[in-house]
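>
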Amino acid sequence: MFGWLLRKLAITTNYIANYGYTDGSGDWYIVVDSDKCDGCGKCVEACPRNVLEVITDDYDDLVVAIRKEHHKNVKYVCAPCKPTSGPRDVKCQQACPTSAITHSW
Amino acid sequence: MITAGIDVGAKTIKVVIVKDNKVVARAINPTGFEPLVTAEKTMDEAAKQAGISRKDINKVYATGAGRKSIPFADHNVTEVTADAKGTNYLLPSVRTIVDIGAEEARGIATDAAGKVVDFAKNDKCAAGAGAFVESMSRALEVTVPQMIEISHKSTKEAPINATCAVFAESEVVSLIHTKIDKADIANAVHDAIASRVCSMVRRIPIEKDVVLIGGVANNSAIVAVMKKHLGVEVGVPENPEFVGALGAALLAAA
Amino acid sequence: MTTEFYRWTENTWRSPDIDWHKAETLVAGIDVGSVSSQAVILADDKIYAFCNTRTGSNSPDSAKKALSIALNGTDIKPENIQYFVGTGYGRVNIPMAKKAITEIACHARGANYMGGPAIKTILDMGGQDLKGIHCDEKGKVTQFLMNDKCAAGTGRGMEVMAELLQVPIVDVGKMSLEVKEEPEPVSSTCVIFAKSEAIGLLRGGWTKNMVLAAYCAAMAHRVVGLLQRIGIEKEFVITGGIAKNIGVVSRIEKELNIKAMPLQPDPQIAGGLGAALFARDLFLKSKKAA
Chain X
128 MFGWLLRKLA ITTNYIANYG YTDGSGDWYI VVDSDKCDGC GKCVEACPRN
178 VLEVITDDYD DLVVAIRKEH HKNVKYVCAP CKPTSGPRDV KCQQACPTSA
228 ITHSW
Chain A
2 MITAGIDVGA KTIKVVIVKD NKVVARAINP TGFEPLVTAE KTMDEAAKQA
52 GISRKDINKV YATGAGRKSI PFADHNVTEV TADAKGTNYL LPSVRTIVDI
102 GAEEARGIAT DAAGKVVDFA KNDKCAAGAG AFVESMSRAL EVTVPQMIEI
152 SHKSTKEAPI NATCAVFAES EVVSLIHTKI DKADIANAVH DAIASRVCSM
202 VRRIPIEKDV VLIGGVANNS AIVAVMKKHL GVEVGVPENP EFVGALGAAL
252 LAAA
Chain W
5 MTTEFYRWTE NTWRSPDIDW HKAETLVAGI DVGSVSSQAV ILADDKIYAF
55 CNTRTGSNSP DSAKKALSIA LNGTDIKPEN IQYFVGTGYG RVNIPMAKKA
105 ITEIACHARG ANYMGGPAIK TILDMGGQDL KGIHCDEKGK VTQFLMNDKC
155 AAGTGRGMEV MAELLQVPIV DVGKMSLEVK EEPEPVSSTC VIFAKSEAIG
205 LLRGGWTKNM VLAAYCAAMA HRVVGLLQRI GIEKEFVITG GIAKNIGVVS
255 RIEKELNIKA MPLQPDPQIA GGLGAALFAR DLFLKSKKAA
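Chains X, A and W, in that order, are what the protein sequence lines are.
Counting from 128, one number per residue, gives the positions in the first sequence under the working numbering.
Counting from 2, one number per residue, gives the positions in the second sequence under the working numbering.
Counting from 5, one number per residue, gives the positions in the third sequence under the working numbering.
#1: Is X:K209 close to chain A, meaning its C-beta is less than 8 Å from at least one C-beta of that chain?
#2: Tell me the DSSP bridge mates of X:S180?
#3: How many angstroms separate the CA atom of A:A250 from the CA atom of A:K20?
#4: Mind the definition here: the segment 216-229 of chain W touches the segment 245-257 of chain W only if three or more C-beta pairs lie below 8 Å; say whether that holds.
#5: Measuring alpha carbon to alpha carbon, tell me which of A:G67, A:E142, A:D119 ends up nearest A:F34.
#6: Tell me which residues of the segment 158-189 of chain W have at least one Cβ-Cβ distance to chain A shorter than 7 Å, keeping chain order.
#7: Considering just the uninterrupted stretch of the beta strand (DSSP E) at X:Q220, what are its terminal residues?
#8: Might you give, ordered along the chain, the residues of its own chain that have their beta carbon closer than 6 Å to the beta carbon of A:N89, omitting 5 neighbours on each side?
#9: Report the neighbours of A:S221 on chain X: residues whose CB is nearer than 8 Å to its CB, in chain order.
#10: Hey, which unbroken runs of the alpha helix (DSSP H) at 4 residues or more fall wholly within the segment 142-184 of chain A?
#11: Do the segment 229-236 of chain W and the segment 117-135 of chain W make contact, defined as three or more Cβ pairs closer than 8 Å?
#12: Exposed or buried, what is W:V39 when buried is set at 16 or more other beta-carbons lying within 10 Å of its beta-carbon?
#13: Please name the residue, chosen from W:G209, W:V215, W:P20, W:G161, that lies closest to W:Y52 on a Cα-to-Cα basis.
#14: Pull up the DSSP beta-bridge partners for A:G6, would you.
#15: Inspect the beta-carbon positions of A:I18 and A:A51 and report whether they are closer than 8 Å.
#16: So, for A:V190: in the same chain, excluding its five sequence neighbours on each side, which residues have a beta-carbon less than 6 Å away from its beta-carbon?
#17: Would you check if the distance between the CB atom of W:R70 and the CB atom of W:I22 is smaller than 8 Å?
#18: Counting only Cβ-Cβ distances shorter than 9 Å, please list the residues of the segment 170-195 of chain X near chain W, keeping chain order.
#19: Could one say the Cβ of A:R107 lies closer than 8 Å to chain X's Cβ atoms, at least one of them?
#20: Starting from X:I228, find everything on chain W with Cβ-Cβ shorter than 9 Å and list it in chain order.
#21: With a cut-off of 8 Å, does the C-beta of A:S171 fall near any C-beta of chain W?
#22: Using a Cβ cut-off of 8 Å, which residues of the segment 204-221 of chain W contact any Cβ in chain A, in chain order?
#23: If we ignore side chains and look at the alpha-carbon of each, how far apart do A:T144 and A:A187 end up?
#24: Rounded to a whole number of angstroms, what is the C-alpha to C-alpha distance between A:A128 and W:C55?
#25: Counting contacts by CB-CB distance shorter than 8 Å, is X:K135 in contact with chain W?
#26: Suppose contacts are defined by Cβ-Cβ distances below 8 Å. Is A:A85 in contact with A:I101 by that definition?
#27: Could you give the residue range of the alpha helix (DSSP H) that holds A:T82?
#28: Which residues in chain A have a C-beta closer than 8 Å to the C-beta of X:A206? List them in chain order.
#29: Cβ closer than 7 Å: which chain X residues qualify as neighbours of A:T88?
#30: Output yes or no for whether 8 Å exceeds the beta carbon distance between W:C154 and X:T149.
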């Protein structure tokens, strides 16, 4: 309800979100720095697999997050840009103007 | 020349004896808690089947999770190498092998000569392996063969969101309480495993012909769902669980 | 009658001295998790009552059940409660909640309330997930990591072990510490494989206590690995059901060389408590706007 007011006053909460999982094969997380992310959505458009979306978080800020259906699939769904071997072409990181989004692997 | 290949898996130990490039015996036993005892027993059974004594075997190669703990093996080879060799012997047109065992799954890409060019695996996690099927069959209170049978009769999709077999078990129990048909749940379980395995396989180049090997290849419901997910024909050789041991035996003769 | 070894203690508490009629605000937070559900009632900024119960087969019923148990014996009716916030994996399905807030934000707030502004690192070991959370002195999240893909390190994983060894889950911690020397941790990451490994150990002559010790050690190790991804800063607290398992907690403390600050009244209510605190904020804001 007071989201618009909070945004106007630029009261932001800055946190680092790690979306993904750890299992026997390792740690697979997409890391979003909400301090640097302003919800512009360029990474959402750039992603060839529709992994990302812009949400309003608990503190009423616009920020990018992984879609729920991909939380447990990060290792595989990001494979086209980040294959285990071969050249990497990570489109979301390239699209982001503030380097808000990174991968743990 | 007579050679033997022994595949020491998490759940079963397989032995194949090859004489002059032909399979003359196959034996399998549950690994149990004393793998060495089982290994000896299975070797004896295979030798008896082939009408020879253990002394007649020139070389033994071991593969599988326990390959380094077989004292009578002359050498050990990785599962990937053994699978590729065994598959190429049986079906030389194959370029992509998917091996689903009790506790591990792997995808192997080979060239025309049967040499490994790439591989991926799914180990340490039951979600893409036979252990998941068995765990779910217990939750459904059916045997694995029954589960395969009813899975084919499924008419609706049932939701299983969990990727972990332990969580999926709780989900299955709740689904049973909501009166969803067991056939649909069984199918959803097979679908979940196939989906996990295919995610792993897509990390290597997928080229025809594609085959499924390992114990889980005997599960026709999994084969059907794998075809659906990969979008290609998936073949299954005879005695799919013995391909690793066969490959080891052939490598011993090389 | 067969004993259900996975059954942990469900509990309820009500304040003996608060008179809710005198409170300016009366709000509630409901946390419906995959294994347990909690309802926390706040009268002004004090905990009036809470309930910790097992989640049933659907979220709306579990929410109603938790609330009704918490209100049992009081003269509060659901209509008296001025604002509800829902959290937990079932938060979108809590019928009486006006707002749903993620369990990450709620856990941070709840831990901050119970443990104070010095808390910086929260480890939540839930029924089916693990969370690592960093927060500031106001209980606002500064970093988080959640792992809900894998049972290793979660309550369900512990329930599987308790069932296998036929040990009541509330005794696991104590029994795991009653060993002559600390055994090697279980080597399998996967709970299903750990189960087979445990059977093998028992056959090899290990006692139940030793197997429990090995499993608690493996769980502690797994959890520490997750935490190290985001770093650990004092003060450090553990929330969730496994916070009550001294076998796991003591081994985590040993590996980190940091003591976890105990939380009162109950580490399992952090999510519901945080939700209730958000409920109070939102209710007061709406009153001001009116």
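For glycine and all other residues, C-beta sits at the position ideal for the given N, C-alpha and C.
In this text the structure is predicted, and so the values were computed from the model without any measurement.
Well, looking at it:
#1: So no, X:K209 is outside the interface.
#2: Reading off the sequence, residue 180 of chain X comes out as Glu, not Ser. Paired residue(s): X:A192.
#3: Approximately 9 Å between the Cα atoms of the pair.
#4: yes
#5: When only C-alpha atoms are compared, the closest one is A:G67.
#6: Residues passing the 7 Å Cβ filter: R160, G161, V164.
#7: Careful: X:Q220 lies outside any beta strand (DSSP E), inside the alpha helix (DSSP H) at 218-222.
#8: G115
#9: Neighbours of A:S221 across chain X, judged by C-beta separation under 8 Å, do not exist; the nearest C-beta is about 25 Å away.
#10: 145-152, 166-178
#11: yes
#12: With 16 or more other Cβ atoms within 10 Å, it is buried.
#13: W:P20
#14: A:V17, A:Y62
#15: yes
#16: Sequence-distant Cβ neighbours of A:V190 in its own chain, meaning closer than 6 Å and more than five residues away, are M137.
#17: First, the residue type needs correcting, since residue 70 of chain W is Ala and not Arg in the sequence shown. No.
#18: D184, D185, Y186
#19: no
#20: The contacting residues do not exist; X:I228 stays about 15 Å from chain W at best.
#21: yes
#22: Listed in sequence order: G204, R207, G208.
#23: 11 Å
#24: 34 Å
#25: Only weak support exists for where X:K135 lies, its pLDDT of 48 falling under 50; the coordinates are left without a value.
#26: no
#27: 80-91
#28: R203, R204
#29: In chain order: nothing, as chain X lies at least about 22 Å away.
#30: yes
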